[in-house]
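Working notes, beginning with the structure itself.
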Amino acid sequence: ASCDPASTTASTTTATATPSSTTSRSPGSGGVGSSPPPPRRPEPPATIPLAALEILPDGTVSARHVQKADVALELSLNLRDLRVVDPTFRNESPVILARPTALVIHLVHVRVLVTASRVLLFDPHHPAVAALTPRLRARLLDAAHPLPFEMRALEAVLVDVCCGIREEVARLKPKVQAALHVMSKEGEFGGHGVTEGLDALLPLEMALNELAGSVGMVRTALNEVLMSDEDMSDMYLSWKAATGEERGVDEHDEIEMMVEGYLKQVDAVVYDLGRLLRAVKTTENVTQIRLDASRNRILRLEVFLNLGAVSVASAACFAGLFGMNLLSGIEEDPYAFWVVSGASAGVALVVFRSVLMYLRWKRIFS
Amino acid sequence: ASCDPASTTASTTTATATPSSTTSRSPGSGGVGSSPPPPRRPEPPATIPLAALEILPDGTVSARHVQKADVALELSLNLRDLRVVDPTFRNESPVILARPTALVIHLVHVRVLVTASRVLLFDPHHPAVAALTPRLRARLLDAAHPLPFEMRALEAVLVDVCCGIREEVARLKPKVQAALHVMSKEGEFGGHGVTEGLDALLPLEMALNELAGSVGMVRTALNEVLMSDEDMSDMYLSWKAATGEERGVDEHDEIEMMVEGYLKQVDAVVYDLGRLLRAVKTTENVTQIRLDASRNRILRLEVFLNLGAVSVASAACFAGLFGMNLLSGIEEDPYAFWVVSGASAGVALVVFRSVLMYLRWKRIFS
Amino acid sequence: ASCDPASTTASTTTATATPSSTTSRSPGSGGVGSSPPPPRRPEPPATIPLAALEILPDGTVSARHVQKADVALELSLNLRDLRVVDPTFRNESPVILARPTALVIHLVHVRVLVTASRVLLFDPHHPAVAALTPRLRARLLDAAHPLPFEMRALEAVLVDVCCGIREEVARLKPKVQAALHVMSKEGEFGGHGVTEGLDALLPLEMALNELAGSVGMVRTALNEVLMSDEDMSDMYLSWKAATGEERGVDEHDEIEMMVEGYLKQVDAVVYDLGRLLRAVKTTENVTQIRLDASRNRILRLEVFLNLGAVSVASAACFAGLFGMNLLSGIEEDPYAFWVVSGASAGVALVVFRSVLMYLRWKRIFS
Amino acid sequence: ASCDPASTTASTTTATATPSSTTSRSPGSGGVGSSPPPPRRPEPPATIPLAALEILPDGTVSARHVQKADVALELSLNLRDLRVVDPTFRNESPVILARPTALVIHLVHVRVLVTASRVLLFDPHHPAVAALTPRLRARLLDAAHPLPFEMRALEAVLVDVCCGIREEVARLKPKVQAALHVMSKEGEFGGHGVTEGLDALLPLEMALNELAGSVGMVRTALNEVLMSDEDMSDMYLSWKAATGEERGVDEHDEIEMMVEGYLKQVDAVVYDLGRLLRAVKTTENVTQIRLDASRNRILRLEVFLNLGAVSVASAACFAGLFGMNLLSGIEEDPYAFWVVSGASAGVALVVFRSVLMYLRWKRIFS
Amino acid sequence: ASCDPASTTASTTTATATPSSTTSRSPGSGGVGSSPPPPRRPEPPATIPLAALEILPDGTVSARHVQKADVALELSLNLRDLRVVDPTFRNESPVILARPTALVIHLVHVRVLVTASRVLLFDPHHPAVAALTPRLRARLLDAAHPLPFEMRALEAVLVDVCCGIREEVARLKPKVQAALHVMSKEGEFGGHGVTEGLDALLPLEMALNELAGSVGMVRTALNEVLMSDEDMSDMYLSWKAATGEERGVDEHDEIEMMVEGYLKQVDAVVYDLGRLLRAVKTTENVTQIRLDASRNRILRLEVFLNLGAVSVASAACFAGLFGMNLLSGIEEDPYAFWVVSGASAGVALVVFRSVLMYLRWKRIFS
């Protein structure tokens with residue numbers, strides 16, 4: 040009861056359909072037949088406008104609310120493509136879509152729509168996006184920059200995403216290393232050290248795994264751009280707008296070198312994360328064996344203590360026999376007390392030694 | 040004794056054979072030779088008709104029973120292709136087959152045969168299929184939709200399958216997280232918490248694995264469509280029916296973008312499942328080390344208790360010696376009771392301390 | 040001391056060599072030089088004929104003994120190719136070789152040589168092969184079948200192999216699930232349940248791994264056929280025999296669809312096996328943690344019992360002091376017995392409580 | 040708060056921009072708009088010159104400080120490319136960049152810029168780089184060498200990197216094997232051996248993982264060169280400088296064979312590391328099971344000792360009954376002492392035996 | 040301090056350099072500059088000749104000592120290529136190099152240089168090589184063999200390597216299975232069985248891993264030959280020597296089928312090893328859980344024994360109270376002894392039962 044057939048239905052409609060028809064069709068079509076299809080949940084009004092910041096080449100920043108259908112119509116995009124920048128779809132994979140008139144970018148928290156003449160920044164109240172805005176604007180205003188408008192926007196996003204990822208790693212790394220240090224130092228006898236280290240490690244390891252996953256998806260998105268010559272030459276929006284021609288499929292040196300550079304940076308992060316995760320795994324593994332080894336030593340100790348207990352109990356039992364109110368015949372012997380006391384201690388010693396020798400003979404103990 | 044040579048035999052017969060011959064041939068051919076081949080089990084009557092719902096472009100829904108052989112003959116399909124939509128073959132892999140006159144679709148529980156002018160929905164009493172029917176019908180009736188009939192059908196199926204998968208994940212996720220929370224909170228001393236968490240986790244982990252497997256197979260099926268340009272251009276059934284021509288191998292933009300979009304959605308689910316499974320693995324791992332660490336602490340405690348037991352037993356043994364009915368020579372000493380009692384306590388203390396010091400000296404205990 | 044240089048030597052001889060020379064050459068060539076190469080073991084007589092069943096298109100089945108060299112000469116095959124169907128080479132990988140005049144098939148236990156006009160079935164006394172024979176014969180006699188002779192033979196083999204694999208999975212699956220059920224139900228205190236479950240599971244898991252490996256190799260063999268257009272068009276032996284021409288490299292629709300269909304079936308089995316193995320792994324993992332958790336609970340119990348033992352021993356020791364034959368000064372006090380008895384019980388209680396409180400204060404116990 | 044937007048900003052500027060503009064732009068562009076973008080941290084002055092050693096073909100070595108922007112301008116490189124040789128970017132992946140006028144090489148600790156007529160060695164005070172310098176110079180001076188200047192430089196770097204990696208492996212290998220030997224020999228009863236072995240192993244395993252990671256990245260960098268014919272033919276800087284022409288894409292035999300050779304060497308190291316890591320994993324695994332097995336033997340021993348304790352305690356209890364100051368009626372019997380003493384020992388024996396038989400009957404003990 | 044810059048320096052020199060210059064250059068070049076580069080270790084004299092056996096087509100075998108530089112000059116090979124057959128480079132990866140005038144083969148222990156008219160067998164005193172020599176000679180003398188000289192040599196090497204690998208597997212397999220059998224049979228209570236099984240298994244598992252690694256590298260080497268059409272057609276040395284022409288890139292059927300055949304054999308070994316390693320892993324895993332399960336059963340037993348100890352101690356304590364030299368008031372009661380004795384036994388029973396019932400009520404014990 041949480042799926043959205045309506046919006047998905049609409050998502051494949053190309054923008055040649057009028058926006059009003061997009062909205063009205065879903066219930067309308069149900070009315071043509073006998074009974075409307077049972078919606079899986081109350082449909083989210085597809086007409087809810089998305090909050091966005093519009094940045095123009097002259098640096099004007101204006102808050103706007105846009106209808107996905109309007110945007111799709113204006114830029115000849117599929118509604119499905121716009122789903123990528125819709126923050127209500129939380130689970131969308133990161134992707135950089137090259138469409139004839141626009142770049143649709145979704146990387147980590149950044150959702151941007153870039154055309155040759157403006158940038159639409161969605162979900163503008165997200166802290167990461169709010170922090171990006173001034174930097175993006177500065178980059179767009181940088182007239183001396185050799186790259187065209189849309190690529191400056193893309194680069195600003197890539198810089199931000201790479202920095203964000205690196206900061207996240209830099210934030211987690213010392214914490215993880217501290218937890219590992221605690222574990223590797225105090226792993227001996229299972230004191231509070233290991234437990235505290237593990238308590239700290241569990242959420243960190245989860246976060247590392249999460250981060251590794253999302254960095255991997257960013258890597259995939261960048262790689263997919265590099266894999267497709269068509270997509271890369273399609274990204275020259277300003278050139279296409281200026282010349283009105285199609286660009287040759289192999290003319291994409293600038294974009295390729297740019298994306299490749301950031302891919303290398305992401306790769307370095309992937310490597311760093313992998314190293315950290317392997318260090319965690321190794322430390323956990325070794326800690327477990329150390330706990331096992333020290334446990335055996337504790338148990339071996341207990342064997343000695345138990346043996347001691349049996350010995351002392353034997354001595355006590357021996358003494359107890361002479362404590363019985365029965366006639367042993369040596370009640371009056373003045374040395375009997377000392378002899379029997381000594382014998383009692385001897386019993387303890389004999390039991391202890393003989394069992395130990397038996398164990399050693401049987402090679403159970405070294 | 041559970042294999043079906045007969046139906047498999049027939050499955051490679053192309054539809055140019057008449058249905059009756061298909062049925063009669065298997066025993067007939069056996070009659071030509073000396074003795075018929077021993078069938079591995081009583082053959083399932085290949086002529087059992089399959090229950091199906093037929094949906095026409097005008098929205099008419101009618102329950103039908105179709106013979107696989109008839110359908111194969113009519114649409115020039117292989118009987119083997121129809122096996123894919125036959126619900127009696129439970130273990131068939133998900134697949135989207137593009138055949139010249141029809142799409143044969145089997146994804147999770149949905150088994151559909153789509154032609155340019157009608158849709159056959161098999162296994163119509165399955166809850167998932169029953170729920171799909173009205174939505175599929177509504178989509179097919181949607182005349183304003185820019186996509187042709189067969190693609191609307193395909194998209195309705197894809198929407199449904201993606202939603203179903205997402206709902207399943209959404210159903211399992213909170214339960215898994217609750218179980219993990221229980222385990223990570225109460226993992227300390229192996230109380231009921233961990234055990235209950237594990238009891239809850241085992242079936243959930245099984246279900247996650249199962250789901251990950253079947254989502255992976257859906258992913259493979261979608262990917263196979265995208266890998267083959269021929270298959271994608273073959274899918275324009277209406278266009279081919281209308282023009283009577285072959286479609287160019289590269290003219291498949293609509294279908295490619297559609298399938299790609301749903302592949303992305305499935306990818307996001309795959310990622311989500313992977314994350315969940317990694318979280319389970321990590322928590323299990325850490326829980327195990329925590330249990331190990333707390334076990335060592337319990338055992339260390341036991342060493343102290345055992346040492347205490349040995350000490351007390353030594354004191355009791357010492358007292359027991361003076362309980363012997365022998366002459367110690369101090370029977371009449373008025374202070375002897377207190378001295379010996381104190382000595383007895385001293386014995387306990389000395390044993391406790393000296394063993395502890397020995398252990399510390401030997402660095403067995405910190 | 041178990042390698043066969045001689046037969047391997049011969050295995051690369053093409054069939055233009057006469058069979059007699061093949062046999063005599065290996066020792067002969069050694070005679071040309073000074074001393075013959077030390078054979079790694081007594082050479083198996085390369086002339087031992089292989090037992091085979093010959094099936095002709097008219098259904099005649101005749102037992103024969105064939106020399107590999109004769110067959111290689113007749114069909115212009117490499118001796119090395121025939122090694123594939125020689126049952127004395129137990130470790131050969133499954134493979135389907137397309138040679139100009141014959142198909143050499145080795146899948147699981149089936150070793151067949153198929154030409155346009157006859158089928159040679161090797162190792163005919165193997166139960167799996169004996170069971171295949173009548174079904175293969177029936178399929179070959181099926182004149183109404185649209186496929187040519189050699190493909191009917193191939194399909195009969197594929198049907199049989201797929202069925203065999205599926206039956207093996209169907210045989211193992213319930214046993215594995217039963218063992219897992221036993222383990223997951225009785226995993227609590229390490230009773231006989233887990234041990235019995237494991238005793239049952241170990242050979243089953245071995246068998247699953249074995250099966251997964253051999254199914255994977257069948258998968259590889261089928262996939263290799265599909266990878267090579269030349270091999271597939273080479274397989275039309277009847278067509279080539281009838282026309283005497285080479286077949287176009289892309290004219291292999293029937294064989295491709297057939298092999299693809301069986302590859303899909305094998306894939307489904309691979310998926311099923313993977314699922315089963317993952318379930319085993321998961322259950323083992325969870326069982327281990329459950330055993331760990333319940334062990335901690337048992338150990339915690341032991342701490343209480345040990346504490347009880349120390350307490351009781353303390354009380355006994357206290358009582359033992361008054362059992363000494365020394366003057367405590369209260370020997371004649373009529374209430375002393377009850378006071379001291381009570382004090383003794385009090386000692387036990389105090390020891391028990393204070394140690395427990397100490398542990399709780401130290402947060403060692405919850 | 041640790042990311043560097045400024046330098047990254049600049050890093051995509053191509054060298055057609057003047058170096059001064061590069062430096063001034065970042066704050067300048069912020070001044071055009073309303074407020075400058077909040078820098079993530081105080082920008083590192085992008086104009087800090089890099090220390091470098093310049094080696095000319097005549098062997099002259101001179102220490103220099105170069106501005107990245109100057110170099111980029113002179114060689115028409117991207118600033119982003121120079122980032123690779125900037126030692127302040129610690130996390131950059133190893134890479135060999137082929138640019139029209141220069142090779143930019145970063146492998147492990149070596150950061151070099153090679154043109155047709157000089158070599159710039161960055162981070163010259165790093166020990167590894169300092170050790171490389173004389174060898175690199177000697178190689179460059181080797182006029183009889185058939186390879187051109189830039190390839191001699193590249194080869195000197197590759198030789199050094201391969202040697203460095205091999206030496207690191209050679210340094211770690213004996214230590215790891217010693218630690219494994221300690222663990223596998225003394226793994227029996229969890230003595231200090233295992234713990235010490237693990238204490239030594241943990242940092243070694245970390246170092247191995249680290250090394251395996253960085254060797255893998257070197258492997259990737261070499262492989263990327265081999266993957267691109269363009270890059271390899273671009274590397275003939277001297278030839279291009281001499282002829283002024285573009286080199287044919289396939290004319291790169293010397294460089295291909297050279298890089299291939301060193302890739303093989305790196306592969307051998309990768310294999311060696313993998314083997315070492317597998318040996319560590321295997322030994323850890325087996326050690327853990329050995330500790331488990333010996334723990335069970337210790338615990339079994341404890342069962343016997345506990346049984347002994349119960350038996351002796353029973354005997355003591357029996358004797359204690361006759362020590363009560365109550366009338367047993369046999370106080371005067373001269374043989375009672377011996378009878379009861381014997382009975383007491385008998386009680387111990389009976390308890391011991393009967394419990395043991397019960398356990399064997401219940402098949403709890405073998 | 041173990042790297043060899045000198046020999047590596049020389050290794051890239053093509054054979055156009057005279058051998059004497061090769062030797063003298065390394066120190067000579069150091070003399071041109073100011074100070075020679077610090078060699079990492081005393082250079083191994085690059086002029087040390089390699090021991091080799093030369094086999095000519097007429098079967099003459101002669102021991103020779105060859106200079107790498109002479110060979111390189113004569114055959115126009117790189118010195119780097121000859122490194123592959125130099126037994127002092129122990130860590131080189133297995134490889135089959137196809138050079139215009141020679142095949143350079145290094146597989147496992149065999150290092151051979153094959154030209155159209157002779158075979159040089161390096162490291163001739165290695166047992167594996169010594170065993171190969173007569174077989175190689177016999178194969179080369181085999182004039183009736185349809186393959187040319189160089190391929191007979193290659194095939195003799197491949198036969199030998201495959202046999203060697205198979206024998207190694209055949210040697211390890213029964214030992215591994217015996218160790219696994221011991222472990223799976225006696226895994227119950229951690230007797231000597233498991234420990235002995237593990238002691239035997241650890242080196243075997245190491246050897247299996249080692250073998251799997253080196254077989255994998257042989258597989259890679261064979262596969263690399265099959266991947267390159269140029270390499271395979273380059274291998275027809277005799278044909279090229281006879282015709283003096285270049286061979287067409289696709290004319291390499293014989294070599295392809297030969298290498299493919301041996302690749303299949305290596306694959307079968309890889310599969311066999313993988314199966315064995317999985318069996319080891321599975322058995323280890325299951326053994327660990329069995330040890331865990333039986334440990335829980337032992338511990339449960341200990342709980343009962345501890346409970347027994349507490350009960351008996353309680354009884355003893357009770358009896359001890361009446362052993363005190365205090366007035367209980369029933370000293371003279373003739374039945375008191377029996378009553379108190381019975382009560383004492385009753386105390387033991389009550390303690391035992393009540394604690395057990397408490398545990399069951401708390402569901403701690405089943």
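So the protein sequences, as listed, match chains A, B, C, D and E.
Residue 345 in the numbering used here is what sits at position 306 of the first sequence, and the numbering runs on without skipping anything.
Residue 309 in the numbering used here is what sits at position 270 of the second sequence, and the numbering runs on without skipping anything.
Residue 126 in the numbering used here is what sits at position 87 of the third sequence, and the numbering runs on without skipping anything.
Residue 388 in the numbering used here is what sits at position 349 of the fourth sequence, and the numbering runs on without skipping anything.
Residue 55 in the numbering used here is what sits at position 16 of the fifth sequence, and the numbering runs on without skipping anything.
We put the beta carbon where it would ideally sit given N, CA and C, even for glycine.
Quantities reported herein were computed from a predicted structural model and do not represent experimental measurements.
Proximal residues of chain C, C-beta to C-beta of residue i below 8 Å
i, result
"B/N248", "R314, R317, A318 and T321"
Contact with chain H by residue i, beta-carbon distance below 8 Å
i, result
"B/R258", "Protein chains in the displayed structure are A, B, C, D and E, and chain H is not among them."
Cα-Cα separation between residue i and residue j, rounded to whole angstroms
i, j, result
"D/V257", "D/V305", "8 Å"
"D/L160", "D/S223", "46 Å"
"A/L398", "A/D372", "39 Å"
"E/R286", "D/V288", "23 Å"
"A/F343", "A/S333", "16 Å"
"C/T99", "B/S267", "44 Å"
Test: residue i CB closer than 8 Å to a CB of chain C
i, result
"E/K212", "no"
"B/E410", "Residue 410 of chain B falls outside the range modelled here, since chain B spans only 40 to 405, and no answer is possible."
Contact list for residue i against chain E, beta-carbon separation under 9 Å
i, result
"D/S367", "F376, W377 and S380"
Beta-bridge partners of residue i, as assigned by DSSP
i, result
"B/A90", "B/H104"
"C/L315", "Answer is none; C/L315 lacks a bridge partner."
"B/L146", "B/V149"
Within-8 Å CB hit, residue i to chain D
i, result
"E/R119", "yes"
"A/E235", "no"
Residue-chain proximity (residue i, chain B), Cβ-Cβ < 8 Å
i, result
"A/I94", "no"
Residues that residue i contacts on chain D, provided the C-beta gap is smaller than 7 Å
i, result
"E/G359", "G359"
"E/L219", "What E/L219 touches in chain D: nothing, since even the nearest Cβ is about 12 Å away."
C-beta neighbour in chain E for residue i, strict 8 Å
i, result
"D/S101", "no"
Could you please tell me which residues of the segment 298–310 of chain E, in chain order, have their CB closer than 9 Å to any CB of chain C?
-> G300, K303, Q304, D306, A307, V308 and Y310
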